[in-house]
Structures are given as C-alpha cells and as structure tokens.
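Visitor: Per the UniProt record's numbering, the very first residue in the sequence shown carries number 1; after that it's consecutive.
Shown below is the structure under consideration.
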Amino acid sequence: MGAADSKSRSVSYGLDEQDNVTVIHGVKLSGDVLQRMRESGPSSSSSSSSPGAESAKPAPGTLFLLLSSAALGYTSQSHLCDMLIFQGPSRSAAETQEELRRRFEREQALVQEELARISRREREMAGDDMNPAGLRETAKTRQELDKTHNLPDALSVRARQLKKKEDELKHLEQFYKEQLQLMEKKNAEFYRQTAHMYEQQALEAEATVKPRQVSPVCSELQLQVLSCYRLNPQQTLRCSQLAKDYINCINTSKKNLLVNHG
1 MGAADSKSRS VSYGLDEQDN VTVIHGVKLS GDVLQRMRES GPSSSSSSSS PGAESAKPAP
61 GTLFLLLSSA ALGYTSQSHL CDMLIFQGPS RSAAETQEEL RRRFEREQAL VQEELARISR
121 REREMAGDDM NPAGLRETAK TRQELDKTHN LPDALSVRAR QLKKKEDELK HLEQFYKEQL
181 QLMEKKNAEF YRQTAHMYEQ QALEAEATVK PRQVSPVCSE LQLQVLSCYR LNPQQTLRCS
241 QLAKDYINCI NTSKKNLLVN HG
C-alpha cells in the first residue's frame with residue numbers, strides 16, 4: 001500500500017457506526033508537504049501574470065492527497081513525487097486530478113478495510129476476555145499463582161507445626177519413661193514389703209504351733225502283711241488273716257487316741 005522505503009507512523013483514528021474513518025490524529029507533515037502548502041497560496045494570486053503557472057499548480061485535491069498520504073505513512077520523497085507528478089503535457093489537470101482521486105479512493109478503501117479488521121479483532125479479544133470460560137480460566141490462573149506465592153509461607157507454617165508436634169511427642173516420651181521407672185520402683189518396693197511380711201507371719205505361725213512326736217501304729221503287723229504278700233503273690237488268701245489283724249489293730253489305736261484327747 002506504500003512504497004518500499006516508507007515506515008509506519010503511530011496514528012490514532014476514530015470510526016463511525018459503519019467502521020469508516022472520520023478523524024485522524026497524530027499526523028506529522030514532512031518538510032516537502034509544508035513547502036508545497038506554502039507554494040499553493042501564492043500560485044493562485046500570480047496565475048494571471050504567469051501563463052505557465054497553471055500547468056505547474058497542483059490540482060485542488062492534491063493538498064488533501066498529500067495530507068492523507070502523510071497520515072498513511074508515505075514519507076518517502078520519491079513516493080510522493082510519483083503520486084503528484086503529472087503524466088505529461090498531453091494530460092489535462094482535470095484528468096490528473098481524477099486519476100489522483102481514484103488512486104486515493106482505492107488506498108482509502110484499503111485503509112478503511114484494515115482499520116475495520118483491527119477494530120473487529122480488538123472487539124473479539126475484548127469479548128473473549130469477558131466470556132464465562134475466559135473468566136473462569138483467569139480466576140483459576142490467579143488462584144494457582146496465589147497458591148504458588150503462598151507456598152513458602154504454607155511450608156514454613158507446616159514446618160513449625162511439625163516441629164511443635166515433634167517436641168510434644170518427645171515430652172510425652174520422657175514423661176512415660178519417668179512414669180514407667182516410678183512404677184517399677186513401686187513394684188519392687190511392694191514385693192520387698194510383701195516378702196518381709198510373709199517371713200514374719202511364718203515365724204509367728206511356727207511359734208504358735210507346738211511340735212508333737214508321732215510314732216507308727218501297728219508297725220509289726222504292717223511288716224508281716226507286706227512280707228506275706230511278697231511271698232505269696234498268687235495265693236493272697238493266705239495273708240487274709242494277717243490283714244484282718246492289722247485292720248483291727250488300727251481301729252483299736254484310733255479309739256484309744258480319741259479317748260485320750262477327748
């Protein structure tokens with residue numbers, strides 16, 4: 001749309017409801033354009049004295065084309081000359097003006113199309129930022145960033161909590177060790193006291209019980225019965241009389257014992 005040696009300018013613009021450019025701000029005119037504007041004034045007053053000035057004077061739409069070209073970034077001297085130079089003596093000023101007007105309209109249409117496309121793109125981007133999915137994604141991203149930023153603090157708090165818990169466990173461990181040692185000491189003392197009491201009670205019981213001399217009863221008959229059974233293992237009836245005598249002796253001894261202690 002411009003010459004190869006042209007460069008872009010920062011130009012602000014205003015659009016109407018049909019996306020047509022209505023206002024252009026920030027246009028800085030080059031020295032060549034300013035010089036042509038100065039020359040366009042005196043040329044009209046000296047047209048009567050100079051017959052050849054009519055052919056060298058720019059067409060009525062030339063100044064507007066210069067301003068528009070500057071707004072579009074045409075700062076190259078050669079490009080402006082290509083747009084403003086007349087096609088030769090064979091073409092009239094009206095034809096040249098019409099050619100320039102058509103060229104300007106074509107370029108203005110391209111500019112309108114480009115500006116409308118940029119405007120639509122900006123509105124679409126703004127609409128994408130405001131839709132629910134975009135808002136949710138933005139909120140989620142912010143939450144993740146907040147979590148990332150708060151992660152060191154959370155880790156520090158968690159480390160302090162773990163340190164406090166570890167100290168509590170160590171304190172409980174020491175407390176239980178002390179309690180266990182105390183219980184073992186109490187058990188040992190209780191066992192010692194119980195053993196001492198048992199010994200005392202045994203001594204007291206021995207002191208209260210009187211010793212008695214006990215002699216076997218019917219010991220001779222007992223020996224005779226045992227000897228008879230050994231000698232006659234297959235004929236035990238031979239020992240029956242001795243057994244009866246032994247039983248009678250035992251019963252008599254019991255009766256005598258009861259009578260003596262009764």
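Note that CB positions come from ideal geometry on N, CA and C, so glycine has one too.
Would the stretch 227 to 238 and the stretch 247 to 260 be scored as touching if the rule is three or more Cβ pairs under 8 angstroms?
Guide: With a cut-off of 8 angstroms, the stretch 247 to 260 and the stretch 227 to 238 do not count as touching, because too few Cβ pairs lie within range.
Visitor: Would the stretch 238 to 248 count as touching the stretch 206 to 226 if we require 3 or more Cβ pairs under 8 angstroms?
Guide: In short, these stretches touch, since the Cβ pair count reaches three.
Visitor: Please look up how many angstroms separate the CB atoms of Y246 and C218, rounded, as I've assumed it's under 8 angstroms.
Guide: Translated into positions along the sequence shown, residue 246 becomes position 246. Translated into positions along the sequence shown, residue 218 becomes position 218. At roughly 6 angstroms, the Cβ-Cβ gap stays under 8 angstroms, so Y246 and C218 are in contact.
Visitor: Quick check on the burial criterion: 16 or more other C-beta atoms within 10 angstroms. Buried or exposed for T96?
Guide: Numbered from 1 along the sequence shown, position 96 holds the residue referred to as residue 96. By the neighbour-count rule (16 or more Cβ atoms within 10 Å), T96 is buried.
Visitor: First and last residue of the alpha helix (DSSP H) that includes Q234?
Guide: Here the question's residue 234 lines up with position 234 in the sequence shown. Premise fails: Q234 is in no alpha helix (DSSP H) and is neither H nor E.
Visitor: Taking only three categories from DSSP, how would you classify P216?
Guide: Residue mapping note: residue 216 aligns to position 216 of the sequence shown, counting from 1. Here P216 sits in coil by DSSP.
Visitor: In whole angstroms, give me the CA-to-CA distance for R158 and Q143.
Guide: Looking up residue 158 in the sequence shown gives position 158. Looking up residue 143 in the sequence shown gives position 143. Each residue's Cα considered, the two are about 20 angstroms apart.
Visitor: Which word fits L110, buried or exposed, when buried means at least 16 other C-beta atoms lie within 10 angstroms of its C-beta?
Guide: As a working mapping, residue 110 is identified with position 110 in the sequence shown. Flag for L110 reads exposed.
Visitor: Within 10 angstroms of its Cβ, does L100 collect 16 or more other Cβ (buried), or is it exposed?
Guide: Sequence index remark: in the sequence shown, residue 100 carries index 100 (1-based). It is buried - the Cβ of L100 has at least 16 other Cβ atoms within 10 Å.
Visitor: Could you tell me if V23 is buried or exposed, where buried requires 16 or more neighbouring beta carbons within 10 angstroms of its beta carbon?
Guide: Taking the first residue of the sequence shown as 1, we reach residue 23 at position 23. Caution applies to V23, whose pLDDT of 47 falls short of 50 and renders its modelled position unreliable; the value that the coordinates give is listed next. Per the 10 Å Cβ criterion, exposed.
Visitor: Give the single residue among V214, E184 and E98 whose Cα lies nearest to the Cα of L257.
Guide: On the sequence shown, residue 257 is found 257 positions in, with the first residue counted as 1. Here the closest residue by C-alpha is V214.
Visitor: Could you give the distance in angstroms between the alpha-carbon of V209 and the alpha-carbon of H171?
Guide: As a working note, residue 209 is residue 209 in the sequence shown. As a working note, residue 171 is residue 171 in the sequence shown. Going by the C-alpha atoms only, they are around 57 angstroms apart.
Visitor: What does a CB cutoff of less than 6 angstroms around K177 pick up in its chain, not counting 5 residues either side in sequence?
Guide: Locating residue 177 in the sequence shown gives position 177, counting from the first residue. Taken in chain order, the list of residues that qualify is empty.
Visitor: DSSP on E209, reduced to helix/strand/coil?
Guide: Along the sequence shown, one-based indexing puts residue 209 at 209. Note that residue 209 is Val in the sequence shown, not Glu. The answer is coil: DSSP assigns V209 none of H, G, I, E or B.
Visitor: Which value, in whole angstroms, describes the spacing of the CA atoms of E220 and K244?
Guide: Translated into positions along the sequence shown, residue 220 becomes position 220. Translated into positions along the sequence shown, residue 244 becomes position 244. C-alpha separation (whole angstroms): 14 angstroms.
Visitor: Helix, strand or coil for R158? Go by DSSP, reduced to three states.
Guide: Here residue 158 refers to the residue found at position 158 of the sequence shown. Helix.
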